[in-house]
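A.B. asks: Pasting in a structure now, in structure tokens, and then I'll have a few things to ask.
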Amino acid sequence: MLERLGPLRGFLAVIGPAWVVMMADVDAPSVITAGESGAVFGYHLVFVLLVLIVPLFFIQEAAGRLGAATGKGLAEVIKDNYSRRMAVLAALPMFVTDFLSYAVEYAGIAVALEIFGVSPLLSLPVVFLVHASLVFTGSYRRTEKILLLVSAVLLSSYVIDAFLVKPDLSQLVTVGLTPFQPFADPSYGYLIAANVGAVIMPWMLFYQAGAVTQKGLNGNHVRLERWETLVGAIASEILMVAIVIVSASMGAVNFLSASSLAKALVPLAGSYAYELYGLGLGAAAFLALVVISLASTWGIAEALGWRRKIGDKFSLARNFYLVYLLETLPAVVIPLIFTNLVNLMLSLMVVFVFVTVVPGVILGLLCSNQKVLGVHVMGSKWRLMYWAMLGVVLLTGLVTIPTLLG
2 MLERLGPLRG
12 FLAVIGPAWV
22 VMMADVDAPS
32 VITAGESGAV
42 FGYHLVFVLL
52 VLIVPLFFIQ
62 EAAGRLGAAT
72 GKGLAEVIKD
82 NYSRRMAVLA
92 ALPMFVTDFL
102 SYAVEYAGIA
112 VALEIFGVSP
122 LLSLPVVFLV
132 HASLVFTGSY
142 RRTEKILLLV
152 SAVLLSSYVI
162 DAFLVKPDLS
172 QLVTVGLTPF
182 QPFADPSYGY
192 LIAANVGAVI
202 MPWMLFYQAG
212 AVTQKGLNGN
222 HVRLERWETL
232 VGAIASEILM
242 VAIVIVSASM
252 GAVNFLSASS
262 LAKALVPLAG
272 SYAYELYGLG
282 LGAAAFLALV
292 VISLASTWGI
302 AEALGWRRKI
312 GDKFSLARNF
322 YLVYLLETLP
332 AVVIPLIFTN
342 LVNLMLSLMV
352 VFVFVTVVPG
362 VILGLLCSNQ
372 KVLGVHVMGS
382 KWRLMYWAML
392 GVVLLTGLVT
402 IPTLLG
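Here the numbering used here is used: the first residue of the sequence shown is 2, the next is one more, and so on.
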């Protein structure tokens, strides 16, 4: 049906998997990372964020290509072409590290709603119930429509906010868009690695491939999915730049403390920038909470051969639904106990660089194998770019290890 539509209508009909995962990429930890970048270095990291469009596009394009060409999620393709053990080994590190992501997403939601006067004791249980209910919409497409709406709130909140704070355009051009940056500064290098980890995360690979199959896309949609990935990659990094611009006007702030964030936002009060920042943070955290938990659950379900289609009866896909419902529950209490998770989250962003490597390498090998992808196999130039971008991601993490250990 989709292929019979005109080019634009066909593209709009395909939009969902890549766009949602790109917007979810700007989650609470990414907002924190971009916020710290702007607060500490002003516009200096804008150049790095725009460059990150390239690895983000090439690595995520491979995930979308795999899902559309094979009709299977990443873990399922790994299981079919290697072994169940390899599929579990590829998905398990993501599944384990995602727990910390859930904790910070819930913390981001708590802070955002606390800005509007809602206590975490009320907001967190309600958000958990809303999150849990999304897999019972009856179909993936209905769930996706809700996620697209949340992504629109996220994007518009920070882009409008960036205009409201009246950025210094001359500084943005002369400082933010020049390749001459303080790369020798260890703190700058650490934030680069954190931003790389924030832009390329392991769950993104599993989500995009899994969502493509849930939506029913196939080999006829590989090209359209590629364009969606490019548009999403550009929008994602523009969103990160907008957060840097807003945060550069705020100065030093603890982005996961409601009182500190509210105090830093006081100069923006009266222009709606104050409310938009909180709205954007809440939308970012909630979108990511759903997407990460779906990616994690799909990865494990694919590796173990469980039924996992949204819309299946509970009795038919019991394991999928139970894991989705229960895996984030323990993380709900973390923000009620720990009030400052910023340093943990920045370090986790760097750790994500290494967690991404294993599924990233396997994804590259699968997309280079004609027996797996057929006519949609990566060409030689595309393979070169993919491996180069994955290498850049790994190298960025490696050079930051001394700073992490120190």
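Beta carbons: idealized from backbone N, C-alpha and C, even for Gly. Just so you know, these numbers come straight off a predicted model, no measurement behind them.
Report all residues from its chain with a CB closer than 7 Å to the CB of Leu-135; omit the five preceding and five following residues, and keep chain order.
C.D. replies: As a first step, residue 135 must be located in the sequence shown, where it is residue number 134. Leaving aside the five residues that flank Leu-135 on each side, the residues in its chain whose CB is nearer than 7 Å to its CB run, in chain order, Thr-144, Ile-147, Val-291.
A.B. asks: Hey, could you find the ends of the alpha helix (DSSP H) Val-174 is sitting in?
C.D. replies: Counting from one through the sequence shown, the residue named residue 174 turns up at place 173. Per DSSP, Val-174 belongs to no alpha helix (DSSP H) and is neither H nor E.
A.B. asks: Taking buried to mean at least 16 other C-beta atoms within 10 Å of its own C-beta, is Asn-221 buried or exposed?
C.D. replies: Taking the first residue of the sequence shown as 1, we reach residue 221 at position 220. Asn-221 is exposed by the Cβ-count criterion.
A.B. asks: Which of the three DSSP states is assigned to Arg-143 in this structure?
C.D. replies: If you number the sequence shown from 1, residue 143 lands on position 142. Residue state, collapsed to three classes: helix.
A.B. asks: What do you get for Thr-179, buried or exposed, if any count of 16 or more other CB atoms within 10 angstroms of its CB means buried?
C.D. replies: The count along the sequence shown starts at 1 and reaches residue 179 at position 178. So Thr-179 ends up on the exposed side.
A.B. asks: Cβ-heavy atom distance between Phe-315 and the ligand NAD below 7 Å?
C.D. replies: In the structure shown, the ligand NAD is absent, as is every other ligand, since no ligand is present at all.
A.B. asks: Taking the C-alpha atoms as reference points, what is the distance between Leu-165 and Ala-212?
C.D. replies: Locating residue 165 in the sequence shown gives position 164, where the first residue counts as 1. Locating residue 212 in the sequence shown gives position 211, where the first residue counts as 1. Rounded to whole angstroms, Leu-165 to Ala-212 spans 35 Å at the Cα level.
A.B. asks: For Asn-320, report the span of its alpha helix (DSSP H) as first-last.
C.D. replies: On the sequence shown, position 319 is the one that residue 320 refers to. Its alpha helix (DSSP H) spans residues 319 to 328.
A.B. asks: For Asn-82, which residues of its own chain have a beta-carbon under 7 Å away from its beta-carbon, when the five flanking residues on both sides are left out?
C.D. replies: Locating residue 82 in the sequence shown gives position 81, counting from the first residue. Leu-367, Val-373, listed in sequence order.
A.B. asks: So Ile-244 and Val-32 are in contact, right, with Cβ under 8 Å, and what is the actual spacing, rounded?
C.D. replies: Taking the first residue of the sequence shown as 1, we reach residue 244 at position 243. Taking the first residue of the sequence shown as 1, we reach residue 32 at position 31. Right, the Cβ-Cβ distance comes to about 6 Å (below 8 Å), so this counts as a contact.
A.B. asks: For Phe-129, name the three-state secondary structure that DSSP assigns.
C.D. replies: Counting from one through the sequence shown, the residue named residue 129 turns up at place 128. DSSP places Phe-129 in helix when its eight states are reduced to three.
A.B. asks: In chain order, what residues of the same chain lie with their CB nearer than 6 Å to the CB of Gln-215, ignoring the 5 residues before and after it?
C.D. replies: Counting from 1 along the sequence shown, the entry for residue 215 is found at position 214. Cβ within range, chain order: Tyr-141.
A.B. asks: Can you tell me which of Gly-36, Thr-298, Leu-57, Ile-193 puts its alpha carbon nearest to the alpha carbon of Leu-282?
C.D. replies: Here the question's residue 282 lines up with position 281 in the sequence shown. Of Gly-36, Thr-298, Leu-57, Ile-193, the residue nearest in Cα terms is Gly-36.
A.B. asks: Count the other C-beta atoms from every protein chain shown that fall within 10 angstroms of the C-beta of Ala-25, then say buried if there are 16 or more, exposed otherwise.
C.D. replies: Counting from 1 along the sequence shown, the entry for residue 25 is found at position 24. Result: buried.
A.B. asks: For His-45, which three-state DSSP category applies?
C.D. replies: Here residue 45 corresponds to residue number 44 of the sequence shown, with the count starting at 1. In the structure shown, His-45 sits in coil (DSSP, three-state: anything other than H, G, I, E or B).
A.B. asks: Once you ignore the five residues that flank Ala-210 on each side, which residues in its own chain have a CB closer than 6 Å to its CB?
C.D. replies: As a position in the sequence shown, residue 210 is number 209, starting the count at 1. Closer than 6 Å at Cβ, skipping near neighbours: Ala-64, Leu-67, Gly-68, Gly-74, Leu-75.
A.B. asks: With a 10 Å radius around its C-beta and 16 neighbouring C-beta atoms as the bar for buried, classify Thr-175 as buried or exposed.
C.D. replies: Within the sequence shown, the letter at position 174 stands for residue 175. Here Thr-175 is exposed: its Cβ has fewer than 16 other Cβ atoms, across all protein chains shown, within 10 Å.
A.B. asks: Am I right that Pro-56 and Met-390 are in contact with their C-beta atoms under 8 Å? What's the rounded C-beta distance?
C.D. replies: Sequence index remark: in the sequence shown, residue 56 carries index 55 (1-based). Sequence index remark: in the sequence shown, residue 390 carries index 389 (1-based). The pair is a contact, with the Cβ atoms about 4 Å apart (cut-off 8 Å).
A.B. asks: Measure the alpha-carbon distance for Glu-4 versus Thr-329 and round it to whole angstroms.
C.D. replies: Here residue 4 refers to the residue found at position 3 of the sequence shown. Here residue 329 refers to the residue found at position 328 of the sequence shown. In this prediction, Glu-4 scores a pLDDT of 48, lower than 50, which makes its location untrustworthy; the coordinate-derived value is nonetheless stated afterwards. Roughly 37 Å separates the two Cα atoms.
A.B. asks: Would you mind listing the alpha helix (DSSP H) stretches within the stretch 147 to 206 that are 4+ residues and don't spill past its ends, in chain order?
C.D. replies: 187 to 200
A.B. asks: Under DSSP, the alpha helix (DSSP H) around Ser-102 begins and ends at which residues?
C.D. replies: Your numbering for residue 102 matches position 101 in the sequence shown. Counting along the chain, the alpha helix (DSSP H) containing Ser-102 begins and ends at 85 to 116.
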